[in-house]
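J.: Respectively, the protein sequence lines represent chains D and Z.
Its first residue numbered 1338, the first sequence is counted upward by one per residue in our numbering.
Its first residue numbered 7, the second sequence is counted upward by one per residue in our numbering.
One structure coming up, written as structure tokens, with questions to follow.
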Amino acid sequence: EAQVTQNPRYLITVTGKKLTVTCSQNMNHEYMSWYRQDPGLGLRQIYYSMNVEVTDKGDVPEGYKVSRKEKRNFPLILESPSPNQTSLYFCASWSGTGYNEQFFGPGTRLTVL
Amino acid sequence: QKEVEQDPGPLSVPEGAIVSLNCTYSNSAFQYFMWYRQYSRKGPELLMYTYSSGNKEDGRFTAQVDKSSKYISLFIRDSQPSDSATYLCAMMPYNTDKLIFGTGTRLQVFP
């Protein structure tokens, strides 16, 4: 089954404690992206990757890091989480430039105390 | 001003009603227009996709794009309780990979 998986699905942590949210896709897609979803603000892109070792900032990259060492994986790293990073996070993948359907993971609900 | 504006709702309708969901946008470079459906506690899933202007129909769903007015719509005929979800419009300029989302409209269809 074609899918994007994320782990963990729920996470409660404290300010400053480094964390990683994993994302993996099994569709051999070149492109992957991380979004955060907040009430009244919709989905906003954090970072995206066009292929292995190629990443670029989205609209809200501050406080986040990403890496793309393998095609299937695109982890999101919060080196020093803060309460304003409490949000619902989605990973997505798609196959190429121009319009292609983006497939979304199930989401990770992060709370930073 | 946001690039994409969408009324957050909630929109509550009886089963069988025709639902109209809308988005306006400001960037004339948008060429690809999409509607995603998001059920509670799930990721968005693509519902309809339209390139440039015009209409597209898929079963009970019709997507319309009016580029002259910078206005897109999604119509749901014979709405069902299973259509209860948040509907997100999304747009992409030609020759980029950047998808811009509206904030989503929450729809509730009651029996």
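All residues carry an ideal CB built from backbone N, CA and C; glycine is no exception.
Under the DSSP definition of a beta bridge, which residues are partnered with threonine 1342 of chain D?
T.: D:Ser1361
J.: Among Z:Gln70, Z:Ser75 and Z:Pro87, whose alpha-carbon lies nearest the alpha-carbon of phenylalanine 81 of chain Z?
T.: Z:Gln70
J.: Touch check for the region 1353-1361 of chain D and the region 7-15 of chain Z: three-plus C-beta pairs under 8 angstroms?
T.: Output reads no: the region 7-15 of chain Z does not touch the region 1353-1361 of chain D.
J.: Of all the CB atoms in chain D, is at least one closer than 8 angstroms to the CB of lysine 104 of chain Z?
T.: Closer than 8 angstroms: yes.
J.: Under the three-state reduction of DSSP, which class applies to glutamate 20 of chain Z: helix, strand or coil?
T.: Looking at the sequence provided, one finds proline at residue 20 of chain Z rather than glutamate. Under the three-state reduction of DSSP output, proline 20 of chain Z falls in the strand class.
J.: So the candidates are Z:Thr111, Z:Met97 and Z:Thr92; which of them puts its Cα closest to the Cα of tyrosine 31 of chain Z?
T.: The shortest Cα separation from tyrosine 31 of chain Z among Z:Thr111, Z:Met97 and Z:Thr92 belongs to Z:Met97.
J.: Are threonine 109 of chain Z and proline 14 of chain Z close, meaning C-beta to C-beta below 8 angstroms?
T.: yes
J.: Quick check on proline 1420 of chain D: does DSSP put it in helix, strand or coil?
T.: helix
J.: Going by alpha carbons, who is nearest to serine 58 of chain Z out of Z:Tyr38, Z:Cys29, Z:Arg83 and Z:Lys104?
T.: Z:Tyr38
J.: Quick one: Cα of threonine 1359 of chain D to Cα of proline 1345 of chain D, how far?
T.: 7 angstroms
J.: Starting from glycine 60 of chain Z, follow its DSSP beta bridges and name the residues at the other end.
T.: Z:Val71
J.: When you compare only the Cα positions, how much space is there between valine 1341 of chain D and asparagine 28 of chain Z?
T.: Between the alpha carbons of valine 1341 of chain D and asparagine 28 of chain Z lies a distance of about 29 angstroms.
J.: Using three-state DSSP, classify aspartate 1375 of chain D as helix, strand or coil.
T.: strand
J.: Span of the beta strand (DSSP E) holding glutamate 9 of chain Z?
T.: Counting along the chain, glutamate 9 of chain Z falls outside any beta strand (DSSP E), and DSSP gives it neither H nor E.
J.: How many Å lie between tyrosine 1368 of chain D and threonine 92 of chain Z at the Cα?
T.: 25 angstroms
J.: State buried or exposed for serine 1291 of chain D, treating a residue as buried only when at least 16 other CB atoms are found within 10 Å of its CB.
T.: Nothing in the structure corresponds to residue 1291 of chain D, since chain D is present only between 1338 and 1450.
J.: Does DSSP put proline 87 of chain Z in a helix, in a strand, or in coil?
T.: In the displayed model, proline 87 of chain Z falls within a helix according to three-state DSSP.
J.: Could you compute how far the alpha carbon of threonine 1392 of chain D sits from the alpha carbon of serine 1430 of chain D?
T.: If you draw a straight line from the Cα of threonine 1392 of chain D to the Cα of serine 1430 of chain D, it is about 13 angstroms long.
J.: Smallest Cα separation from leucine 52 of chain Z: which of Z:Tyr42, Z:Ser46, Z:Asn61 and Z:Lys76?
T.: Z:Tyr42
J.: Could you pull the start and end residues of the beta strand (DSSP E) that asparagine 28 of chain Z belongs to?
T.: In the DSSP annotation of this structure, the continuous segment of the beta strand (DSSP E) that includes asparagine 28 of chain Z starts and ends at 25-31.
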